[in-house]
Amino acid sequence: VKLFADGALGSWGAALIAPYTDKPATQGFILTPPQTLHRLVERFYEDNFQVLCLTSSRTY
Numbered sequence: 026v027k028l029f030a031d032g033a034l035g036s037w038g039a040a041l042i043a044p045y046t047d048k049p050a051t052q053g054f055i056l057t058p059p060q061t062l063h064r065l066v067e068r069f070y071e072d073n074f075q076v077l078c079l080t081s082s083r084t085y
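Anchor point for the sequence shown: position 13 equals 38 in this note's numbering, and the numbering is continuous, going up by one each time.
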């Protein structure tokens with residue numbers, strides 16, 4: 026199972042802390058709310074799935 030929290034860099038959809046330098050009107054967007062991701066990850070973990078979470082910026 027693969028879950029996505031935000032979009033991709035190339036489409037200016039990846040959620041960034043600061044606006045994109047080449048498109049200052051946007052900081053990207055969240056596709057899946059954090060509380061939804063948390064609930065899903067907990068469920069997979071409880072069902073003995075291997076869970077791996079990756080981030081390239083802040084960790085919440």
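Even glycine gets a Cβ: it sits at the ideal position worked out from N, Cα and C.
Let me confirm a value: residue i is counted as buried when at least 16 other C-beta atoms fall within 10 Å, else exposed. Which label applies?
i     : result
Gly53 : buried
Residue i: which of the options sits nearest, CA to CA?
i     : options                       : result
Lys48 : Val26, Ile55, Gln60 and Gly35 : Gly35
Taking residue i as part of the alpha helix (DSSP H), name the residues at either end of that continuous run.
i     : result
Tyr70 : Pro59 to Glu71
For a quick check, are the C-beta atoms of residue i and residue j less than 8 Å apart?
i     : j     : result
Ile55 : Ala30 : yes
Pro59 : Thr51 : no
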